[in-house]
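Some notes on the structure that comes next.
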Amino acid sequence: MALAIVLGIAAGLVFDSLSRQPRTEVATRTAHAAPAATVDPEALAGVQALRDEAEALTRAQVELDETAHERWMPRVALIERALEDPDTPPLLRDELSATIDALECVGVLGGPETATCATLDR
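Taking the working numbering, I'd label the letters of the sequence shown as residues 977 to 1098.
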């Protein structure tokens, strides 16, 4: 019985000393132990497919296809929102930026007179 009382008191002292640790130490340890942000493979594949679709466009297609702007502008709004979000992983951010660059290149953003690069029309 005396042993149980001693063990109970010892356990209480240990738990009490642990609860008195400064929270900054615990937060620092947790921050160092946190794993790097991983990217969902499906999300990455979707963003890469979007970039591929944008890179496949030509200026001529955009000029002739009256629905190109209608199809891409809602996507551009979502892309820009994701780029502004600080929680967007860098890998996805790079893919989304490449998508915007491709759309600017062929004149989807602003029209053919604002196209920012030369492309070979297929």
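Every residue gets a Cβ at the ideal spot worked out from N, C-alpha and C, and that includes glycine. As the structure is a computational prediction, the values presented were derived from the model and not from experiment.
Following the continuous alpha helix (DSSP H) through residue i, name the residue where it begins and the one where it ends.
i       : result
Leu1033 : Neither: Leu1033 is in no alpha helix (DSSP H) and is coded neither H nor E.
Glu1080 : Pro1066 to Val1082
Leu1085 : Run containing Leu1085: none; DSSP gives neither H nor E here.
If we ignore side chains and look at the alpha-carbon of each, how far apart do residue i and residue j end up?
i       : j       : result
Leu1079 : Val1052 : 9 Å
Pro1065 : Thr1075 : 15 Å
Cys1081 : Pro1017 : 27 Å
Ala1032 : Arg1057 : 23 Å
Leu1067 : Glu1039 : 31 Å
Thr1034 : Thr1014 : 33 Å
Asp1061 : Asp1070 : 13 Å
Gln1141 : Asp1028 : Because residue 1141 is not part of the residues shown, which for the chain are 977 to 1098, the question remains open.
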